[in-house]
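Q: Numbering (our numbering), first residue to last: 152 to 457. Think of the CB as a built atom: it goes at the ideal place given N, C-alpha and C, for glycine as much as any other residue. Below is the structure I would like to discuss, written out as structure tokens.
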Amino acid sequence: MVMRTLRSIFSRNNISTAIYRPRNSIVVLYRRAIWCGRIYPWLTRVRKVSLPSGRMAEEKKETTAAKKLPAVPESVLKRIRRRESVKAARLQTSIKQRANRYKKRKVIFKRAENYVKEYRTKERDEIRLIRQAKNRGNYYIPGEARLAFVIRIRGVNQVAPKVRKVLQLFRLKQINNGVFVKLNKATINMLRIVEPYITWGYPNLKSVRELIYKRGFAKVNRQRIPITSNSIIEKKLGRSGIICMEDLIHEIFTVGPKFKYASNFLWPFKLNTPNGGWRKKTNHYVEGGDFGNREDKVNELLRRMV
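Put into structure tokens, the structure is as follows:
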């Protein structure tokens with residue numbers, strides 16, 4: 152009898168119902184056992200089984216899911232903290248740099264304003280002296296020039312060793328190269344030695360500014376670098392008190408105490424052949440040629456070469 156009841160309980164139909172209705176599988180088996188009328192002690196345990204409701208099942212799932220949430224590894228937390236600290240440090244440095252740039256801009260603007268005032272007062276004083284001399288029936292003779300701009304106009308063929316050495320000292324290694332030179336007894340004697348190979352004169356403020364702004368390159372670590380920002384000048388000449396382009400122009404034009412460092416900072420200017428070409432390189436400028444001292448007329452030549 153026991154075997155028959157078991158067979159009736161675990162028949163194909165019972166298994167199929169249990170498979171197709173998994174929630175009521177125990178209930179189905181229990182009902183089949185009662186229907187057979189053969190309930191044995193091992194089946195009495197089925198009565199004591201309490202089926203959990205849907206809400207309780209969901210709550211259990213949520214609690215188990217909450218318990219099984221993966222914890223963040225310590226290495227990941229350290230990495231996040233490190234990134235946050237680096238980000239905060241970068242933000243502080245950027246704020247400081249911005250404040251420093253603002254201060255430098257104000258200083259540069261004030262310096263440029265003072266330089267403009269200085270140039271204007273100098274021009275007015277010169278005009279005033281010319282008028283006073285004219286009213287008195289005299290001639291005004293300006294002071295000797297202190298700044299010269301030298302341009303090489305001839306090549307390397309048939310050049311004497313002494314001339315070649317002087318050109319090398321002036322850093323004039325190619326045709327149409329130009330440099331600023333401080334005029335004194337030594338440099339004037341050197342200019343006389345190489346006079347057939349160069350032309351030179353006294354540049355004005357406009358010529359100096361155009362040369363530096365348009366054709367100015369810096370010499371940094373023996374490399375020719377364009378002057379794109381004031382930071383390049385400050386890194387190289389900051390110790391000399393030159394921190395911007397206007398400082399550089401002022402130091403060169405006025406031939407200040409730091410002229411040597413300022414002129415060496417600038418790479419020799421590479422100029423174009425003048426519009427219309429040269430007239431005659433083998434003759435002096437006074438004779439209708441090109442080489443020699445042009446005095447103030449060098450500014451017209453620079454307009455055609457820049």
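Considering Cα atoms alone, identify which of Leu323, Met456, Gly440 is closest to Asn415.
A: Residue Leu323 is the option with its Cα nearest to Asn415.
Q: Assuming contact is defined by CB atoms lying nearer than 8 Å, are Ala299 and Tyr353 in contact in what I supplied?
A: Yes. Within cutoff.
Q: Cα separation between Leu453 and Ser358?
A: Their Cα atoms are separated by approximately 7 Å.
Q: Under the three-state reduction of DSSP, which class applies to Gly329: helix, strand or coil?
A: Note: Gly329 maps to strand in three-state DSSP.
Q: CB-CB under 6 Å to Trp429, same chain, minus the five flanking residues each way: which ones, in chain order?
A: Within the same chain, Trp429 has close Cβ partners Asp441.
Q: How would you label Glu397, buried or exposed, when you count the other beta carbons within 10 angstroms and need 16 or more for buried?
A: Glu397 is buried by the Cβ-count criterion.
Q: Which of the three DSSP states, helix, strand or coil, is assigned to Lys386?
A: Note: Lys386 maps to helix in three-state DSSP.
Q: Indicate whether the contact test is met: 3 or more Cβ pairs, each with one atom in the stretch 313–322 and one in the stretch 330–348, closer than 8 Å.
A: Judged by Cβ distances under 8 Å, the stretch 313–322 makes contact with the stretch 330–348, as three or more pairs qualify.
Q: Where does Phe410 sit, in a helix, a strand or coil, going by DSSP?
A: Residue state, collapsed to three classes: helix.
Q: Can you list, in chain order, the residues of its chain whose CB lies under 6 Å from that of Ile302, leaving out five sequence neighbours each side?
A: Excluding sequence neighbours, Ile302 sits near Gly329, Thr350.
Q: Can you give the Cα-Cα distance for Thr433 and Thr424, rounded to whole angstroms?
A: One C-alpha to the other measures close to 16 Å.
Q: At what residues does the beta strand (DSSP E) containing Ala369 begin and finish?
A: Taken as a continuous stretch (DSSP letters only), the beta strand (DSSP E) holding Ala369 covers 368–371.
Q: Among residues of its own chain, excluding the 5 on either side of Pro173, which ones have a beta-carbon nearer than 7 Å to its beta-carbon?
A: The pLDDT assigned to Pro173 is 47, lower than 50, so where the model puts this residue is not dependable; a value taken from the coordinates is nonetheless given after this. Result list for Pro173: empty, nothing under 7 Å.
Q: Report the residue from Arg360, Phe420, Met456, Lys386 whose alpha carbon sits nearest the alpha carbon of Val267.
A: Of the listed residues, the one whose Cα sits closest to Val267 is Arg360.
Q: For Ala296, count the other beta carbons within 10 Å of its own beta carbon; 16 or more makes it buried, fewer makes it exposed. Which is it?
A: When all chains shown are included, Ala296 counts as exposed.
Q: Quick check: Arg356 and Phe404, are their CB atoms within less than 8 Å of each other?
A: According to the sequence as given, residue 356 is Leu; it is not Arg. Going by C-beta atoms, Leu356 is nearer than 8 Å to Phe404.
Q: What's the C-alpha gap between Ile376 and Ile383?
A: For Ile376 and Ile383, the distance between alpha carbons rounds to 9 Å.
Q: Can you say whether Pro419 is buried or exposed, counting buried as having 16 or more other CB atoms within 10 angstroms of its CB?
A: The residue in question, Pro419, is buried, as its Cβ has 16 or more Cβ neighbours within 10 Å.
Q: According to DSSP, simplified to helix, strand and coil, what is Thr350?
A: Thr350 falls in the strand class under three-state DSSP.
Q: Leu362 by DSSP, collapsed to three states: which one?
A: Here Leu362 sits in helix by DSSP.
Q: Spatial neighbours of Ile394 within its chain, please: CB distance less than 6 Å, with the 5 preceding and 5 following residues excluded, ordered by chain position.
A: The answer, listed in chain order, is Glu385.
Q: Is the distance from the Cβ of Phe321 to the Cβ of Val332 below 8 Å?
A: Closer than 8 Å, so yes.
Q: Which one of Val223, Glu438, Ser226, Asp447 has the shortest CA to CA distance from Trp347?
A: It is worth fixing the name first, because residue 347 is Pro in this sequence and not Trp. Checked all of Val223, Glu438, Ser226, Asp447; the closest Cα to Pro347 is Glu438.
Q: Alpha carbon to alpha carbon, how far is Tyr291 from Lys273?
A: Tyr291 and Lys273: Cα-Cα distance of roughly 15 Å.
Q: In angstroms, rounded to a whole number, what distance separates the CA positions of Lys261 and Lys431?
A: Roughly 47 Å between the two C-alpha positions.
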